[in-house]
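S.K.:
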Amino acid sequence: MKKLKELISKVASAISIAMLITLALSLFIGVIARYVFSYSIPEIEVVRKFSVMWLVFMGSAIAVKEKLHLEIDILSDYMSDSHVRIKNMIVYVLVLFAISILIFIGVAAFNSGLSRSELVSIRFLSSPPSLIYYYSAFLVGSLFMLYFHLEQFKNVFSRKGVKKQ
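Below, the structure is given as structure tokens:
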């Protein structure tokens, strides 16, 4: 189980790094092409959208893994350990519910992407590509979030899971 977590973590990190580099390069190439050579490359927009989608959802999965997602803990300093534990359980269930919604929408987006195609024509392709490569980021990122969130189950619902920060 630990090896699977490490593998998924490394995959999410590698995808995030690759998408960040791809996004930076595509922005750089687009600016140079437009302002130095007075030539616009419409295909770069497709690469940018692709990079942003994957970067957002892999980054979100990493944030869930590191417990860096949104949590309001201003009152935790004034609560007893048992109340903090109850608050942590409620937050855990609410985040699980939100991730479940993301997965549900991710499946619908994935299915939608199968039948939709890119509107920007890509010169070196004979037909527009499917939008599945965008929408799969939504589903894969949501599944990674679910995995990392479920990994925290034991810490949240055990007696030792109370942490005042």
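Per the working numbering, the sequence shown runs over residues 1 to 165. For glycine and all other residues, C-beta sits at the position ideal for the given N, C-alpha and C.
1) Out of ALA137, ILE41, ILE101 and ILE32, state which residue places its alpha-carbon closest to the alpha-carbon of MET58.
2) Helix, strand or coil for SER38? Go by DSSP, reduced to three states.
3) Strictly by DSSP, which residues pair up with SER117?
4) Under the assumption that PHE97 contacts LEU139 (Cβ atoms under 8 Å), give the Cβ distance between them as a whole number of angstroms.
5) Leaving out the 5 sequence neighbours to the left and right, which residues in its chain are closer than 6 Å to SER18 when beta-carbon positions are compared?
6) Within 10 angstroms of the Cβ of SER26, are there 16 or more other Cβ atoms? Answer buried if so, exposed if not.
7) Am I right that SER130 and SER117 are in contact with their C-beta atoms under 8 Å? What's the rounded C-beta distance?
8) Alpha carbon to alpha carbon, how far is GLY106 from GLN152? Give it in angstroms, no decimals.
M.R.: Inspection of the coordinates gives the following:
1) For this step, residue 58 is matched to residue 58 along the sequence shown. It is ALA137.
2) Residue numbering aside, residue 38 sits at position 38 when the sequence shown is read from its first letter. Residue state, collapsed to three classes: coil.
3) Working through the sequence shown from its first residue, we reach residue 117 at position 117. According to DSSP, SER117 bridges with SER130.
4) For the purposes of this step, residue 97 is taken as residue 97 along the sequence shown, with counting starting at 1. For the purposes of this step, residue 139 is taken as residue 139 along the sequence shown, with counting starting at 1. About 18 Å; that fails the 8 Å criterion.
5) The residue labelled residue 18 in the question sits at position 18 within the sequence shown. This sequence places Ala at residue 18; Ser is not what is there. For ALA18, where only same-chain residues beyond five positions count, there are no Cβ hits under 6 Å.
6) Against the sequence shown, residue 26 aligns to sequence position 26. Buried, because 16 or more other Cβ atoms sit within 10 Å of the Cβ of SER26.
7) Position 130 of the sequence shown, counted from the start, is the residue given in the question as residue 130. Position 117 of the sequence shown, counted from the start, is the residue given in the question as residue 117. Sure, about 6 Å apart at Cβ, within 8 Å.
8) Position 152 of the sequence shown, counting from 1, holds the residue named residue 152. Position 106 of the sequence shown, counting from 1, holds the residue named residue 106. Answer to the nearest angstrom: the Cα atoms are 22 Å apart.
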